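Everything on this sheet refers to the single structure shown next.
Numbering (my numbering), first residue to last: 367 to 451.
Structure below.
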């Protein structure tokens, strides 16, 4: 490797290390968000999973504010969730 390539690789490695350290120091940001779906109780075992997917816009439920967790998931919905995830 030439000297320029070595310096560039070293610079990129140091930059990534610094960014990783700053990112780890920031810590998670927690705030109370309103419940997105009226039919997903906060004490349900799947509540955090549904909220996480909704926050990432992978699932959106039905237009009436319902998630309808008892409904079957159709094949095209699974494909869409896999692609968006």
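Built from N, CA and C at the ideal position, the CB exists for glycine as well.
Treat the numbers as computed from the prediction; the structure is a model and nothing was measured.
| query | result |
| --- | --- |
| Segment contact flag, the segment 373-387 with the segment 404-415, C-beta cutoff 8 Å, min 3 pairs | no |
| Counted within 10 angstroms of its Cβ, other Cβ atoms place residue 439 as buried (16 or more) or exposed | exposed |
| For residue 416, the three-state DSSP class (helix, strand or coil) | helix |
| Member of 372, 445, 449, 406 whose CA lies at the smallest distance from the CA of residue 428 | 406 |
| Whole-angstrom distance between residue 426 and residue 374, CA atom to CA atom | 44 Å |
| Exposed unless 16 or more other CB atoms sit within 10 angstroms - verdict on residue 377 | exposed |
| Alpha carbon of residue 421 to alpha carbon of residue 371, nearest angstrom | 41 Å |
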